[in-house]
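Only one structure is covered here, and it is reproduced in the block below.
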Amino acid sequence: MNFRSDNEAGAHPLIIDAVGRAFAAGTAHSYGADDWTHKVERRLRDVFDHPGLVAYPVATGTAANVLALSCCTPPWGAIYCHPGSHIAVDEANAPQFYTSGAQLIHVDGKAGKIDPRALAAALAQPVYGVVHHPQPAAVSITQATECGTAYSPEEIAGLSTSARRHGLKLHMDGARFANVLSYVGCAPSDLTWRAGVDVLSLGATKNGAMAAEVVIFFDSELAREFEFRRKRGGHLFSKMRLISAQLDAYFADGLWLANARHANAMARRLVAGLTALKGTSLLYPVDANEIFIALPAHIHDALEEAGAEYHPWPSDRPGERAYRLVTAFDTDPAAVDRFLAIAKAAA
Numbered sequence: 005m006n007f008r009s010d011n012e013a014g015a016h017p018l019i020i021d022a023v024g025r026a027f028a029a030g031t032a033h034s035y036g037a038d039d040w041t042h043k044v045e046r047r048l049r050d051v052f053d054h055p056g057l058v059a060y061p062v063a064t065g066t067a068a069n070v071l072a073l074s075c076c077t078p079p080w081g082a083i084y085c086h087p088g089s090h091i092a093v094d095e096a097n098a099p100q101f102y103t104s105g106a107q108l109i110h111v112d113g114k115a116g117k118i119d120p121r122a123l124a125a126a127l128a129q130p131v132y133g134v135v136h137h138p139q140p141a142a143v144s145i146t147q148a149t150e151c152g153t154a155y156s157p158e159e160i161a162g163l164s165t166s167a168r169r170h171g172l173k174l175h176m177d178g179a180r181f182a183n184v185l186s187y188v189g190c191a192p193s194d195l196t197w198r199a200g201v202d203v204l205s206l207g208a209t210k211n212g213a214m215a216a217e218v219v220i221f222f223d224s225e226l227a228r229e230f231e232f233r234r235k236r237g238g239h240l241f242s243k244m245r246l247i248s249a250q251l252d253a254y255f256a257d258g259l260w261l262a263n264a265r266h267a268n269a270m271a272r273r274l275v276a277g278l279t280a281l282k283g284t285s286l287l288y289p290v291d292a293n294e295i296f297i298a299l300p301a302h303i304h305d306a307l308e309e310a311g312a313e314y315h316p317w318p319s320d321r322p323g324e325r326a327y328r329l330v331t332a333f334d335t336d337p338a339a340v341d342r343f344l345a346i347a348k349a350a351a
């Protein structure tokens, strides 16, 4: 009953098999000049209905985010993001390091989302061209947010309009993009470039890959420095095909969406059972595979004693004990049902 994180899940057998086949194929051109890497880019052009996109595999989500952002801002630039975003809280100043000094400026909003009015106000500040201030360069949003909520295409378009009005680029941290896509039910293009996203850090590791992410530029001109930045940052793998083989299997035959649908379904199953119990309450809407919920002490204690694993989480409501539960592509329905049975017996 491990609901700590989708990072603790294993890898999907089809992805493991794809890596094995890439090994078994023998030699291949190095540093991304292999057939697997080229195939992934072609496949992504079909998935996103964008023949001009360019795609670059990397191994970690932090690398994907910060290398993408480094192409969006000069060292004296400013990146606008939510104060709870991954780049602001969980990347150990990597954005500042890889951009050679760009500043992160926080823009508030409820449930992990940037408030469009707050962004408009932040971008209206008289800093443009003033040598004493960092220059606005990019907006970064997280999909799903760190609160497990999803931006709609309309919400993204609104933020993009504000960004473009001032000449800023829009970056999306899509570590759980597949989960949001499954929830929203639209085309990948509608959640990205059609809504104004310039560059997407698309995650696969949380959703069944071993270690694979991909940076997708919908504006190829924005990517002109990326290959050099990736090399300088230590993420140009000589045997790139072993990352690309994971991504090829991930996007083949809709595996990425099937994995996300399962994770989301397991989250809904948990939510339905837990919210039926007295004294429980959700901190945020559950739009993907993360649940933030307040549990009475006696329910939590019973679950903990039975070996259930999940993270405590801060709550703004005084005296409340809140927790985060995350489901994954390989979450066992039986584990969900056992968890709920223990909680119900303790309620």
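Residue numbers (my numbering): 5 to 351. Ideal Cβ placement from N, Cα and C applies to all residues, glycine included.
- prompt: Does the beta-carbon of N11 have 16 or more other beta-carbons within 10 angstroms, so that it is buried, or is it exposed?
  reply: Along the sequence shown, read from residue 1 onward, the residue named residue 11 stands at position 7. N11 should be labelled exposed.
- request: Using 10 angstroms around the beta-carbon of P316, count the other beta-carbons present and answer buried if the total reaches 16, otherwise exposed.
  value: Within the sequence shown, the letter at position 312 stands for residue 316. Exposed.
task: Indicate whether A122 and D112 have their beta-carbon atoms separated by less than 8 Å.
output: Reading the sequence shown from its first residue, position 118 is the one you call residue 122. Reading the sequence shown from its first residue, position 108 is the one you call residue 112. In this structure, A122 sits near D112, with a CB-CB distance shorter than 8 Å.
field: Endpoints, alpha helix (DSSP H) assigned at V201
entry: In the sequence shown, the residue the question calls residue 201 occupies position 197. The continuous stretches of alpha helix (DSSP H) do not include V201, and DSSP gives it neither H nor E.
message: Please state whether the Cβ-Cβ distance between G277 and P300 is less than 8 Å.
response: On the sequence shown, position 273 is the one that residue 277 refers to. On the sequence shown, position 296 is the one that residue 300 refers to. Judged by their CB atoms, G277 and P300 are not nearer to each other than the 8 Å cut-off.
task: Enumerate, from N- to C-terminal direction, the unbroken beta strand (DSSP E) stretches of 3 or more residues contained entirely within the stretch 215-266.
output: DSSP runs (the beta strand (DSSP E)) wholly in the stretch 215-266: 217-221.
- prompt: Given a threshold of 16 other Cβ atoms within 10 Å of its Cβ, counted over all protein chains shown, does R321 qualify as buried or as exposed?
  reply: Residue 321 sits at position 317 when you count from the first residue of the sequence shown. Flag for R321 reads exposed.
query: In the structure shown, what three-state DSSP assignment does D336 receive?
result: Taking the first residue of the sequence shown as 1, we reach residue 336 at position 332. For D336, the three-state secondary structure derived from DSSP is coil.
Rounded separation between T77 and A338 - CA only: Stepping through the sequence shown from its first residue, residue 77 is reached at position 73. Stepping through the sequence shown from its first residue, residue 338 is reached at position 334. Whole-angstrom Cα-Cα distance: 47 Å.
message: Suppose the cutoff is 6 Å on Cβ atoms and the five residues either side in sequence are ignored; what does the same chain contact list for F232 look like?
response: Working through the sequence shown from its first residue, we reach residue 232 at position 228. Residues of the same chain with a CB within less than 6 Å of the CB of F232, apart from the 5 flanking positions on each side, do not exist.
task: Report all residues from its chain with a CB closer than 7 Å to the CB of L281; omit the five preceding and five following residues, and keep chain order.
output: Along the sequence shown, one-based indexing puts residue 281 at 277. Excluding positions up to five away in sequence, the list reads I303, A347, K348 and A351.
query: Ordered along the chain, which non-local residues of its own chain (more than five positions away) have a Cβ less than 6 Å from that of L204?
result: Here residue 204 corresponds to residue number 200 of the sequence shown, with the count starting at 1. Excluding positions up to five away in sequence, the list reads M176, G178, T196 and I220.
field: Element boundaries [beta strand (DSSP E), containing V62]
entry: Within the sequence shown, numbered from 1, the residue matching residue 62 stands at position 58. Annotation for V62: the continuous beta strand (DSSP E) segment containing it runs V58 to V62.
message: Which residue marks the beginning of the alpha helix (DSSP H) containing E294, and which one marks its end?
response: Taking the sequence shown and counting its residues from 1, one reaches residue 294 at position 290. Here E294 belongs to no alpha helix (DSSP H); instead the beta strand (DSSP E) covers E294 to A298.
field: Endpoints, beta strand (DSSP E) assigned at G133
entry: Position 129 of the sequence shown holds residue 133. Element bounds for G133: n/a, residue is neither H nor E.
- prompt: What does DSSP give as the partner residues of G207 in its beta bridges?
  reply: In the sequence shown, the residue the question calls residue 207 occupies position 203. When DSSP reads this structure, G207 sits in a beta bridge with E217.
- prompt: Distance, Cα to Cα, A22 vs H239?
  reply: Stepping through the sequence shown from its first residue, residue 22 is reached at position 18. Stepping through the sequence shown from its first residue, residue 239 is reached at position 235. When the Cα atoms are used, A22 and H239 turn out to be separated by approximately 21 Å.
Proximity winner among L274, W40 and L329, relative to A345 (alpha-carbon distances): To locate residue 345, count along the sequence shown from 1; it is residue 341. When each option's Cα is compared against that of A345, the closest is L274.
- prompt: Who are the Cβ neighbours of A227 in its own chain at under 6 Å, not counting the five residues just before and after it?
  reply: Residue mapping note: residue 227 aligns to position 223 of the sequence shown, counting from 1. For A227, the CB contacts under 6 Å within the same chain, skipping 5 residues up- and downstream, are V58 and F221 in chain order.
- prompt: Using the beta-carbon count (16 or more within 10 Å), is G56 buried or exposed?
  reply: Taking the first residue of the sequence shown as position 1, residue 56 is located at position 52. That one is exposed.
- prompt: Helix, strand or coil for V117 per DSSP?
  reply: The residue labelled residue 117 in the question sits at position 113 within the sequence shown. Val is not the amino acid found at residue 117; the sequence shown has Lys there. The three-state reading of DSSP puts K117 in coil, since its state is none of H, G, I, E or B.
message: Comparing C-alpha positions only, which one of A29, S319 and V93 sits nearest to A298?
response: By 1-based counting over the sequence shown, the position of residue 298 is 294. Nearest in C-alpha terms to A298, of all of A29, S319 and V93, is S319.
query: Taking the continuous beta strand (DSSP E) assigned at V107, which residues delimit it?
result: The count along the sequence shown starts at 1 and reaches residue 107 at position 103. Residue identity differs from the one stated: residue 107 is Gln in this sequence, not Val. DSSP places Q107 inside the beta strand (DSSP E), whose first and last residues are Q107 to H110.
query: Taking the alpha helix (DSSP H) that L174 falls in, what are its first and last residues?
result: Translated into positions along the sequence shown, residue 174 becomes position 170. Premise fails: L174 lies in the beta strand (DSSP E), K173 to G178, not in any alpha helix (DSSP H).
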